[in-house]
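To convert, note that position 350 of the sequence shown is 523 in the numbering used here; the numbers rise steadily by one, no gaps. Each residue gets a CB set at the ideal place from its N, CA and C atoms; glycine is no exception. Quick caveat: nothing in here was measured; it's all calculated off a predicted structure. Here the structure comes first, spelled out in structure tokens, and everything after it is commentary.
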Amino acid sequence: ITMNSPRTILFIAFLVVSFFLYQNWMVETAPGTKAPENVTSTQSSNNAENSDVPSGSSAVSADVPESDQPVVAQRAETTVHVRTDVLDVEIDTRGGDVVSTHLLKFAKTQGSEERFQLLQNSSNNVYVAQSGLIGPDGIDGKDGRPSYNYEQESYESTSEVIEVPLTYTAENGAVYRKVFTFTPGKYTVDVRYEVENNTSKTLETQFYGQLKRSVHSGESGSMIMPTYFGAAYSYDEDKFEKYDFDSMQDKKLNVTSQTGWVGMLEHYFVSAWVPKQGQQNRLYSRVANGSQAIIGVIYPMTDIQPGSSKTIESQVFLGPKDQDAMAEVVEYLDLTVDYGFLWWLAQPIFKLLQFLQSIVINWGLAIILTTVIVKALLFPLTKAQYVSMAKMRMLQPKMTALRERYGDDRQKMSGAMMKLYKEEKVNPLGGCLPMLLQLPIFLALYWVLLESVELRHSAFVFWIQDLSTKDPYYILPILMGASMFLMQRLQPTPTADPMQQKLFQYMPVIFTVFFLWFPSGLVLYWLVSNLITIAQMLIIYRGLEKKGINVRNKK
């Protein structure tokens, strides 16, 4: 089959459309979940599903909660308010749960004074980070959550470490101190328990940390911009695994691991409990009453001898999907910035974008410079593509003669054409392969622009105030379509059947409509890429015409 320009472009268009349909299907249907080896069946009739607190057994068990606490915990009259330079947090003194988190560096919407809220605890939307101590001598369990004493109701500092101690004294005299540590510029909150055993017996307790979220509180985007909303985890055998709420409803997560974390993901933001590494932690999940998803981690049993104290440490990450920040917290947490199967290509593209942005201080300019660099690197392929197309055009009269000679004898026709290609030293795939090689770069950049929180609400110039969303006036897509039309006019047009010719003529219109909903940063990349390609085409064609090759339908 002759791989001429119209067929090639139609083929690329088909691949692009198929890709977006496929990725949307993946987001909608349990992406990445490995149910059989990591989870156990859920028994929806278990009355314990109404509990906030996991079981106190250190064994790997499918039965998670055992108390009768309501799913939506009653909020105490008092919350401790903590404000750093990046976080605005509320901690419920009942249970010591983080029940509200605002991210001060991120607006709720473009230009809004209101800050983006990650965690919240309301009647219609629950998303909280819970933690406690369970087991024989735990203070969180079937008898309820402890009400902690606190030293002050509010803390604020943008330059110093803040420690928020909460204290609970049990009836047996044991003292439990729950201390939150906030560091300037960090989205990681250190959570530690200091248990002072003032009794005459050995205390046995286990730490747990879990995230609880309303199942229907988020969106998965559109077909053009599908975004994952659900849970995820990492453990010894799998560095990153998505675990959506439908799969959680059917199967419970139940694995032990010496590494890893558990988290809740949404577009641009993530919360994650990061347990102490190097010990046998149990990762678990469940869905309470079919409306609230819970994923968490339980430590092994901790023994505190009489007259002694022990400290149990953990961390919770509450913030944006900042790859550099997450990589400092724990291994593989940065994979929550999900670039899909092209992560190996998307990551260096992002690093390049990040480096260029640090120089030009504008993500739009960084995209333009990245495009220039990519097109320069691909110029040898581009030249090979258009030289091949020009040679194929030169062969059209001979190919037409072969068709007239052999008619419907496809076998002889194919053999004669292959002989012709060999004699003329023409590769019929030469015009297709360069475009196929550029497709992964386009898709990788698509994921970078879709997933990278750095581009959220990032302005370019004039009307483009958010490169991560569509052009509000559709100017860039129209310019992109015009550049495609100009490219089409410049390209040599080999003879083809009328239907193929008509489809080829409508391609700029089809792509323009398709790109109306693309992130403006991606449309900017495509537009600049087209403009550079036009310049390269003119240079290449002038060189060919100097050699006497009629390229652009000149008479």
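Pair every Cβ in the stretch 445-462 with every Cβ in the stretch 483-493, then say whether three or more of these pairs are closer than 8 angstroms. A contact exists between the stretch 445-462 and the stretch 483-493.
Tell me whether the stretch 611-620 and the stretch 513-521 touch, counting them as touching only if at least three CB pairs, one residue from each stretch, are closer than 8 angstroms. Two segments are said to touch when three or more pairs of C-beta atoms, one from each, lie closer than 8 angstroms; by this definition the stretch 611-620 touches the stretch 513-521.
Host alpha helix (DSSP H) of Tyr472 (start-end): Run containing Tyr472: none; DSSP gives neither H nor E here.
Output the distance between the C-alpha atoms of Ser288 and Val259, rounded to the nearest integer angstrom. The sequence shown places Arg at residue 288, rather than the Ser named in the question. Using only the alpha carbons, I get a separation of about 11 angstroms.
Does the pairing of the stretch 455-469 with the stretch 492-511 give three or more beta-carbon distances under 8 angstroms? Contact between the stretch 455-469 and the stretch 492-511 is absent: fewer than three C-beta pairs spanning the two stretches fall below 8 angstroms.
Taking only runs of the alpha helix (DSSP H) that begin and end inside the stretch 544-616, which ones reach a length of at least 4 residues, in chain order? Taking only runs of at least 4 residues, the alpha helix (DSSP H) segments lying wholly in the stretch 544-616 are 552-579 and 583-597.
So the candidates are Met562, Tyr619, Ala404 and Gln303; which of them puts its Cα closest to the Cα of Glu439? It is Ala404 whose Cα lies nearest to the Cα of Glu439.
Going by the CB atoms, is the gap between His275 and Gln293 shorter than 7 angstroms? With respect to the 7 angstroms criterion, Gln293 and His275 are not classified as neighbours on the basis of their beta carbons.
As assigned by DSSP and simplified to three states, the class of Gln303: Residue state, collapsed to three classes: strand.
Where in the stretch 476-505 do unbroken runs of the alpha helix (DSSP H), each at least 4 residues long, occur, reported from the N-terminal end onward? For the stretch 476-505, whole alpha helix (DSSP H) runs of length 4 or above, ordered along the chain, are 496-502.
Which same chain residues, not among the five before or five after Asn703, have their C-beta less than 7 angstroms away from its C-beta? Excluding residues within five positions, the ones whose Cβ falls inside 7 angstroms are Met653, Ser656, Met657 and Met660.
Length of the line joining the Cα atoms of Arg715 and Pro692: The straight-line gap from Cα to Cα measures roughly 35 angstroms.
For Tyr401 and Leu618, what's the separation of their Cα atoms in angstroms? When rounded, the distance between both Cα atoms is 18 angstroms.
Whose C-alpha, out of Asn297, Ala574, Tyr579 and Gln569, is nearest the C-alpha of Val599? Distance from the Cα of Val599 is smallest, within the candidate group Asn297, Ala574, Tyr579 and Gln569, for Gln569.
Candidates Val428, Met437 and Gln450: which alpha carbon is nearest Phe456's? The amino acid occupying residue 456 in the given sequence is Leu; Phe does not appear at that position. Nearest of Val428, Met437 and Gln450 to Leu456, Cα basis: Val428.
Let me know the secondary structure DSSP gives Trp434 once reduced to three states. Strand at Trp434.
Just how far apart, CA to CA, sit His630 and Pro479? Their Cα atoms are separated by approximately 55 angstroms.
Using only the alpha-carbon positions, how far apart do Leu697 and Ile712 sit? Roughly 23 angstroms separates the two Cα atoms.
Leu506: which of Gly317, Ser407 and Ala708 sits nearest, CA to CA? Comparing Cα-Cα distances from Leu506 to each of Gly317, Ser407 and Ala708, the minimum goes to Ser407.
Counterpart residues of Ile637 in DSSP-defined beta bridges: Partner(s): none; Ile637 has no beta bridge.
Do Lys425 and Val301 count as a contact pair if the criterion is CB distance below 7 angstroms? No.
Could you work out which residue in Gln283, Val272 and Phe355 is closest to Thr642 when comparing CA atoms only? Here the closest residue by C-alpha is Gln283.
Quick check on the burial criterion: 16 or more other C-beta atoms within 10 angstroms. Buried or exposed for Phe688? Residue environment for Phe688: buried (at least 16 other C-beta atoms within 10 angstroms of its C-beta).
Beta carbon of Ser304 nearer than 7 angstroms to that of Val364: Val364 sits close to Ser304, with the two beta carbons spaced by under 7 angstroms.
Smallest Cα separation from Asp476: which of Glu333, Glu326 and Thr375? Here the closest residue by C-alpha is Thr375.
Can you give me the start and stop residues for the beta strand (DSSP E) that Phe442 sits inside? According to the DSSP assignment, Phe442 belongs to the beta strand (DSSP E) that extends over Phe442 to Val447.
Determine whether the Cβ of Thr509 lies closer than 7 angstroms to any Cβ atom of chain C. Here there is only one protein chain, and chain C is not present.
Is it right to say Glu329 is buried, meaning 16 or more other beta carbons lie within 10 angstroms of its own, or is it exposed? Exposed, since its Cβ has fewer than 16 Cβ neighbours within 10 Å.
Give me the residue from Thr543, Asn535 and Ile532 with the minimum Cα distance to Ala519. Closest in C-alpha terms to Ala519, from the list Thr543, Asn535 and Ile532, comes Thr543.
At the level of alpha carbons, what is the spacing between Val255 and Leu622? Roughly 33 angstroms separates the two Cα atoms.
Ala232, DSSP secondary structure in three states: Legend: pLDDT at Ala232 = 37, less than 50; position of this residue unreliable, value from coordinates given subsequently. The answer is coil: DSSP assigns Ala232 none of H, G, I, E or B.
Residue span of the beta strand (DSSP E) that contains Gln290, given as start and end: Counting along the chain, the unbroken beta strand (DSSP E) around Gln290 starts and ends at Arg288 to Asn294.
Can you tell me whether Asn322 is buried or exposed? The criterion is at least 16 other CB atoms within 10 Å of its CB, across all chains shown. Residue environment for Asn322: exposed (fewer than 16 other C-beta atoms within 10 angstroms of its C-beta).
Comparing C-alpha positions only, which one of Gly346, Tyr381, Thr257 and Val547 sits nearest to Gly314? Comparing Cα positions, the closest option is Tyr381.
For Arg662, which of helix, strand or coil comes out of DSSP? Under the three-state reduction of DSSP output, Arg662 falls in the helix class.
Kindly confirm or deny that the stretch 262-277 and the stretch 333-341 touch, where touching means at least three C-beta pairs closer than 8 angstroms. Between the stretch 262-277 and the stretch 333-341, the count of Cβ pairs shorter than 8 angstroms is three or higher; the stretches touch.
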